[in-house]
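Below: the structure, in structure tokens.
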Amino acid sequence: MLDSSAIVSFAYLDHAATTPMLPEAIEAMTAQMATVGNASSLHTSGRLGRRVVEESREAIAQAMGARPSEVLFTSGGTESDNLAIKGTFWARKDADPRRVRLLVSTVEHHAVLDCVDFLVAHEGAKVTWLEVDQVGRVHPDTVRAAIGTDPETVALVSVMWANNEVGTVQPIAKIAALCHEFAIPMHSDAVQAVGQVVVDFAASGLDLLSISGHKIGGPQGVGALLARRDATLVPLTHGGGQERQVRSGSLDVPAIRGFAVAMRHATANLASGAQRLTALRDRLIVGAQDAGYGVQVSGDWEAGDGTTRLPGNAHLLVPGCDGDSLLYLLDAAGVQCSTGSACQAGVPQPSHVLLAMGMSEHTARGALRLTLGHTSTSADIDAFLAALPAAVERAQRAQVATSARQAIPAKTH
Ligand code: PLP
């Protein structure tokens, strides 16, 4: 069993996975947990719960440049992506059976990729994967070419606002404008972008946008889909129809309140927070490059710039190492980070994002994602840079030993 008390203090560099809750959000949420009331009940307690939900909806709408009626509460980013993609696909196909095409970037989170795969496997969807350049960016011309000569067959375009592995920010407003030329709805997964770069729903021109509570200092298990009033969605769940008849289930009032408080805080302090994180991120990247192991940064990095790459994202490639080995060695030294890619059945897989950016499987295996957030300090960077040399040297030795073992021909019996 893991004994967390054994680790007295550690540097947490995995804010893209989840970031600690803000004290203000914890306070608001726990206060709400001490009350009773289903927001759909008609009595006084129910109405008080409803008021909290509607005030939270207004706060989130205001922070996101949306109207309150455009905010649909969900259980998080994954559900928001599913509702946006499956809901729009089914609604658009119902209205016109020719609309079966989905245009989706190759670097999306699995919450989007796996929805698309499901619709292709079971619902007759056809997908055009939008290729990215070497830094992971989708170019509007790629989208125009994919729309091609039959825009009336496209159900939806989906391109994430910012990538969760390498932090690349996409030209969302340009792609949305292009989609509008052809009257095609567009969705963007902005789960990683909110609180780090300016996200304004109305100004973006998007029809649908996914957000999540636990990436901005709110609780886990709550999020929202921003959906224009004219966006048609087929519900995924059926029941009470609590959210615009599109999403059913009793609302989690305390979580929604904590989410709204975190949202207000994250967007109000965006400029100063982004500048602080950009400086920390740059120190981390430069320090790792200067350590002398040939470390490279992936994605779009320009020191001092927090608009084309997320301010809190550093993504490193360490030659001759396996990212998972590095992760465990750094963890043992009190530095918590991620490789950015997923395991399938316990087997580490090279990241689909890095492969889409044109990297070889070999290079992609040395990936390490370090992500910063509101609790990050200079001391976290110091701890990482201090732990890096020993971790790299051990991981490289382990890699050499593994390669040597693999080179020995298998015994024949
Ligand atoms: N989309 C992106 C880009 C993410 O990074 C994540 C979580 O890591 C999700 C969606 C899923 O969000 P949630 O954990 O709220 O379901």
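Counting in my numbering, the sequence shown runs from 2 upward without gaps.
Glycine included, each C-beta is placed from N, C-alpha and C at the ideal position.
Here the structure is a predicted model, which is why all the values come from computation and not from measurement.
Cβ-based neighbour list, residue i, same chain, cut-off 7 Å, excluding 5 preceding and 5 following
| i | result |
| --- | --- |
| Asp15 | Gln337, Cys338, Ser339, Thr372 |
| Val133 | Ser106, Thr107, Val108, Val139, Ala357, Met358 |
| Ser76 | Gly222, Val223, Gly224 |
| Cys322 | Gly367, Val393, Ala396, Gln397, Gln400 |
| Arg102 | Lys127, Thr129, Thr154, Val155, Ala156 |
| Arg245 | Leu73 |
| Ala147 | Leu104, Thr129, Leu131 |
| Pro141 | Pro172, Lys175, Ile176, Leu179 |
Proximity test, residue i beta-carbon vs ligand 1 heavy atom, cut-off 7 Å
| i | result |
| --- | --- |
| Val200 | no |
| Ser57 | no |
| Asn83 | no |
| Gly219 | no |
| Ala267 | no |
| Gly38 | no |
| Thr372 | no |
| Asp118 | no |
| Gln337 | no |
| Ala399 | no |
| Val235 | no |
| Asn314 | no |
| His353 | no |
| Gly224 | yes |
| Ala17 | yes |
| Val192 | yes |
| Gly77 | yes |
| His188 | no |
Residues near residue i in its chain [Cβ-Cβ closer than 6 Å; skip 5 each side]
| i | result |
| --- | --- |
| Ser57 | Ile257, Arg258, Ala261 |
| Ala392 | Leu327, Leu330, Leu331 |
| Gly242 | Ser249 |
| Ala384 | Ala12, Val336 |
| Leu43 | none |
| Pro255 | Met30, Gln33, Met34 |
| Ser404 | none |
| His414 | With a pLDDT of 46 at His414, under the threshold of 50, the modelled position of that residue is not reliable, and the figure given next carries that caveat. Once the five neighbours on either side are set aside, His414 has no close Cβ partner at all. |
Contact belief for residue i with residue j at Cβ below 8 Å, rounded distance in angstroms
| i | j | result |
| --- | --- | --- |
| Gln33 | Val53 | 6 Å |
| Val192 | Ser213 | 5 Å |
| Val298 | Ala315 | 7 Å |
| Asp301 | Val136 | 4 Å |
| Ala163 | Ile217 | At roughly 13 Å, the Cβ-Cβ gap does not stay under 8 Å, so Ala163 and Ile217 are not in contact. |
Burial state of residue i (16 or more Cβ within 10 Å)
| i | result |
| --- | --- |
| Ser205 | buried |
| Lys127 | exposed |
| His123 | exposed |
| Glu182 | exposed |
| Gly313 | buried |
| Gln197 | buried |
| Arg282 | buried |
| His215 | buried |
| Thr45 | exposed |
| Gly374 | buried |
| Lys412 | Below a pLDDT of 50, predicted positions are generally treated as unreliable, and Lys412, at 49, falls in that range; no measurement from the model is reported. |
| Val287 | exposed |
| His188 | buried |
| Thr150 | exposed |
| Glu80 | buried |
| Ser10 | exposed |
For residue i, three-class secondary structure by DSSP
| i | result |
| --- | --- |
| Ser1 | Since the first and last residues shown for the chain are 2 and 414, residue 1 lies out of range. |
| Ala17 | coil |
| Ser273 | helix |
| His414 | Any reading at His414 must be qualified, since the residue scores a pLDDT of 46, below 50, and its modelled position is unreliable; the value itself is stated next. Coil. |
| Ser159 | strand |
| His266 | helix |
| Ile212 | strand |
| Asp190 | strand |
| Gln197 | coil |
| Ala368 | strand |
| Ala292 | coil |
| Gly224 | strand |
| Pro312 | coil |
| Ala126 | coil |
| Gln63 | helix |
| Gln337 | strand |
| Phe74 | strand |
| Glu244 | strand |
Close beta carbons around residue i, own chain, < 8 Å, minus the five adjacent residues each side
| i | result |
| --- | --- |
| Asn83 | Ala112, Cys116, Leu237 |
| His110 | Gly78, Asp82, Met161, Asn165, Asp190, Val192 |
| Ala232 | Thr89, Pro186, Asp208, Leu209 |
| Glu71 | Ala62, Phe202, Leu227, Ala228, Arg229, Arg230 |
8 Å Cβ cutoff, residue i in contact with chain C
| i | result |
| --- | --- |
| Leu373 | In summary, chain C is missing from the structure at hand, where a single protein chain is found. |
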